[in-house]
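Novice: Each position in the sequence shown, counted from 1, maps to that position plus 2 in my numbering.
In this text, a Cβ means the ideal position worked out from N, Cα and C, and glycines have one as well.
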Amino acid sequence: MYNLKSEKAGDFIAHAEILDTLEYATRVKDDMAVVDGILEKARETKGLSHREASVLLACDNQDKVREIFNLAFDIKQQFYGNRIVLFAPLYLSNYCINGCLYCPYHRTSDIARKKLTQDEIRAETKALQNMGHKRLAIEAGEDPVHNPIEYILESLDTIYGVKHKNGAIRRVNVNIAATTVENYRKLHDAGIGTYILFQETYDKAGYEQLHPTGPKHNYAYHTEAMDRAMQGGIDDVGLGVLFGLENYRYEFTGLLMHAEHLEAVFGVGPHTISVPRVKPAHGVDPGSFDGGISDELFAKLTACIRIAVPYTGMIISTREGKSVREQLLRLGITQISGASRTSVGGYGESPEEDTRQFEVSDTRTLDEVIQWLIDLDYVPSFCTACYRAGRTGDRFMELCKSKQILNCCHPNALMTLKEYLMDYAGPETARAGEKLIEKELDTIPKERIREVVRKNLVNIQKGQRDFRL
Ligand code: SAM
Numbered sequence: 003m004y005n006l007k008s009e010k011a012g013d014f015i016a017h018a019e020i021l022d023t024l025e026y027a028t029r030v031k032d033d034m035a036v037v038d039g040i041l042e043k044a045r046e047t048k049g050l051s052h053r054e055a056s057v058l059l060a061c062d063n064q065d066k067v068r069e070i071f072n073l074a075f076d077i078k079q080q081f082y083g084n085r086i087v088l089f090a091p092l093y094l095s096n097y098c099i100n101g102c103l104y105c106p107y108h109r110t111s112d113i114a115r116k117k118l119t120q121d122e123i124r125a126e127t128k129a130l131q132n133m134g135h136k137r138l139a140i141e142a143g144e145d146p147v148h149n150p151i152e153y154i155l156e157s158l159d160t161i162y163g164v165k166h167k168n169g170a171i172r173r174v175n176v177n178i179a180a181t182t183v184e185n186y187r188k189l190h191d192a193g194i195g196t197y198i199l200f201q202e203t204y205d206k207a208g209y210e211q212l213h214p215t216g217p218k219h220n221y222a223y224h225t226e227a228m229d230r231a232m233q234g235g236i237d238d239v240g241l242g243v244l245f246g247l248e249n250y251r252y253e254f255t256g257l258l259m260h261a262e263h264l265e266a267v268f269g270v271g272p273h274t275i276s277v278p279r280v281k282p283a284h285g286v287d288p289g290s291f292d293g294g295i296s297d298e299l300f301a302k303l304t305a306c307i308r309i310a311v312p313y314t315g316m317i318i319s320t321r322e323g324k325s326v327r328e329q330l331l332r333l334g335i336t337q338i339s340g341a342s343r344t345s346v347g348g349y350g351e352s353p354e355e356d357t358r359q360f361e362v363s364d365t366r367t368l369d370e371v372i373q374w375l376i377d378l379d380y381v382p383s384f385c386t387a388c389y390r391a392g393r394t395g396d397r398f399m400e401l402c403k404s405k406q407i408l409n410c411c412h413p414n415a416l417m418t419l420k421e422y423l424m425d426y427a428g429p430e431t432a433r434a435g436e437k438l439i440e441k442e443l444d445t446i447p448k449e450r451i452r453e454v455v456r457k458n459l460v461n462i463q464k465g466q467r468d469f470r471l
């Protein structure tokens with residue numbers, strides 16, 4: 003039976019509750035009084051329940067869909083302004099003992115296998131720093147022999163230890179398979195940012211078919227991972243569904259129920275939600291799965307998540323191309339990856355073998371991505387200040403909910419952008435970026451803060467680095 007606070011996956015992601023929700027949403031989606039009531043509540047920007055949000059997702063009245071899109075845009079502006087945080091994935095190892103049908107790293111795949119040595123990790127980290135990245139997400143397959151937790155911990159140490167020219171990786175998020183409370187504690191103690199784990203699908207029957215073998219076959223163990231992560235002290239966790247596998251409406255409801263569960267049990271919901279779609283990969287044809295969704299539906303899905311959880315960061319990767327990313331940025335995305343390589347050792351001069359996890363659609367350089375963001379009037383941000391000042395979990399959420407985050411995030415974004423312009427930008431990006439900073443400075447409401455930022459910008463120009471409020 004559905005129980006929001008239960009420790010058991012089958013209770014907090016109760017199949018019957020999802021089916022009930024979908025049936026309810028289908029029944030009332032054309033009742034404009036109900037839809038308007040939900041939109042009215044959404045305008046209070048305190049979020050929606052999975053039931054309410056599922057009605058909005060089901061509603062296909064074109065005027066209401068337009069309202070949903072406009073509201074998603076407004077909510078994003080209110081809580082996140084025009085900042086977009088940048089990161090890159092770093093693949094450590096593609097050894098894996100799982101059988102995930104959508105992933106070319108599965109155990110019986112004939113893909114070339116590779117695991118980075120610590121020296122190779124240092125080289126990859128330098129290459130990422132040379133582009134200007136300050137925030138990474140490390141990725142690895144599940145393999146207790148090749149990729150034990152000690153390997154991940156040593157790799158974290160290596161990455162944080164690389165100081166190359168003015169570069170530094172200031173926050174490392176971790177995307178590794180579900181593990182024990184003890185291992186989560188070790189990751190926490192190693193200073194990770196967010197622990198990210200995609201659910202792939204919330205539909206238990208579909209999940210078990212898509213993960214026929216290996217430890218990941220265990221739906222409950224996977225679904226309860228975020229509870230264990232939080233018990234291990236990690237208070238920033240990142241949820242996600244691999245859209246395209248199963249019915250998107252089912253996934254959407256499950257995802258929001260998961261967020262509600264974490265909020266109810268731990269007092270803080272997910273720090274981020276990712277919205278990856280399954281992509282072509284070695285031996286993987288996305289068309290072979292049941293859940294493919296059009297770009298249009300994908301946009302609506304993103305907007306409805308934005309409205310349902312206004313304070314949660316939303317991530318889109320280079321799985322999506324420029325035009326889809328451009329549309330989703332308006333509708334709620336707050337973080338994007340840039341210049342990503344999804345192969346192991348992919349940032350080196352000449353990666354030898356094709357160890358790629360999936361094809362990326364956005365193949366632009368980081369500088370091209372930054373210039374594009376600036377042209378669209380976004381402020382590209384390399385800020386990691388909250389995490390480094392201990393503003394994680396409920397402390398971050400409190401600030402975010404009260405919209406206070408705008409008072410320090412925007413200035414921090416400008417200062418980290420200035421660093422990027424000084425150290426890594428091409429001439430055109432630098433010119434456009436300087437103009438943007440000048441313009442954005444005027445939007446800082448408090449004069450005192452504006453003056454501090456101006457002073458820091460001069461100091462960055464003179465060669466100093468790493469200022470933050
Ligand atoms: N191995 C870890 C686990 O079990 O969760 C996570 C690391 S894996 C490198 C990161 C994510 O890539 C997976 O959670 C999955 O959602 C995604 N992925 C796998 N195959 C994909 C594909 N063909 N297209 C898009 N994303 C894919």
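Would you check if the region 49-57 and the region 295-313 touch, i.e. whether three or more CB-CB distances between them fall below 8 Å?
Specialist: They touch, by the three-pair rule.
Novice: Compute the minimum distance between the beta carbon of glutamine 359 and the heavy atoms of the ligand SAM, and state whether it is under 7 Å.
Specialist: Yes, the ligand SAM has a heavy atom inside 7 Å of this Cβ.
Novice: According to the Cβ coordinates, are threonine 160 and arginine 124 closer than 8 Å?
Specialist: Cβ distance < 8 Å, so threonine 160 and arginine 124 count as in contact.
Novice: Pick helix, strand or coil for lysine 441, following the three-state DSSP scheme.
Specialist: Three-state result, lysine 441: helix.
Novice: Under 8 Å between the Cβ atoms of alanine 434 and glutamine 373?
Specialist: Against a cut-off of 8 Å, the Cβ pair of glutamine 373 and alanine 434 comes out as a contact.
Novice: In terms of alpha-carbon separation, which member of Ile20, Tyr252 and Glu298 lies closest to valine 67?
Specialist: With distances taken between Cα atoms, valine 67 lies closest to Glu298.
Novice: Which residues have their C-beta within less than 6 Å of a heavy atom of the ligand SAM, listed in chain order?
Specialist: Checking every Cβ against the heavy atoms of the ligand SAM under 6 Å gives Tyr104, Cys105, Glu141, Gly143, Glu144, Asn177, Ile178, Ala179, Leu199, Phe200, Glu202, Lys218, Leu244, Pro278, Val280, Lys281, Ala283, Val286, Arg321, Gln359 and Phe360.
Novice: Ordered along the chain, which non-local residues of its own chain (more than five positions away) have a Cβ less than 6 Å from that of glutamate 19?
Specialist: Within the same chain, glutamate 19 has close Cβ partners Tyr4.
Novice: Mapping the DSSP letters down to three states, classify tyrosine 153 as helix, strand or coil.
Specialist: Tyrosine 153: helix per DSSP, three-state reduction.
Novice: Three or more C-beta pairs closer than 8 Å, one from the region 29-40 and one from the region 263-271: is that the case here?
Specialist: No, they do not touch.
Novice: Would valine 176 and isoleucine 140 qualify as a contact pair, given that the criterion is a beta-carbon distance under 8 Å?
Specialist: Their beta carbons are under 8 Å apart, which means valine 176 touches isoleucine 140 by this criterion.
Novice: Given a cut-off of 8 Å, decide if phenylalanine 360 and arginine 327 are closer than it, judged by their beta-carbon atoms.
Specialist: No. Outside cutoff.
Novice: What are the boundary residues of the alpha helix (DSSP H) that glutamate 42 is part of?
Specialist: 34-45 is the span of the alpha helix (DSSP H), which, as asked, contains glutamate 42.
Novice: From which residue to which residue does the beta strand (DSSP E) around arginine 332 run?
Specialist: Segment 324-333 is the alpha helix (DSSP H) holding arginine 332; no beta strand (DSSP E) there.
Novice: Distance, Cα to Cα, asparagine 220 vs valine 243?
Specialist: If I take the Cα positions, the gap works out to 17 Å.
Novice: Is the number of C-beta pairs between the region 161-169 and the region 205-222 that are closer than 8 Å three or more?
Specialist: Verdict: no, contact absent.
Novice: State the DSSP-derived secondary structure class of glycine 315, mapped to helix, strand or coil.
Specialist: Strand at glycine 315.
Novice: Mapping the DSSP letters down to three states, classify isoleucine 202 as helix, strand or coil.
Specialist: For clarity, residue 202 is glutamate in the given sequence; the question names isoleucine instead. Reduced to three states, the DSSP call for glutamate 202 is strand.
Novice: Just checking, does the region 93-112 make contact with the region 140-153 on the three C-beta pairs under 8 Å criterion?
Specialist: Yes: at least three Cβ pairs fall under 8 Å.
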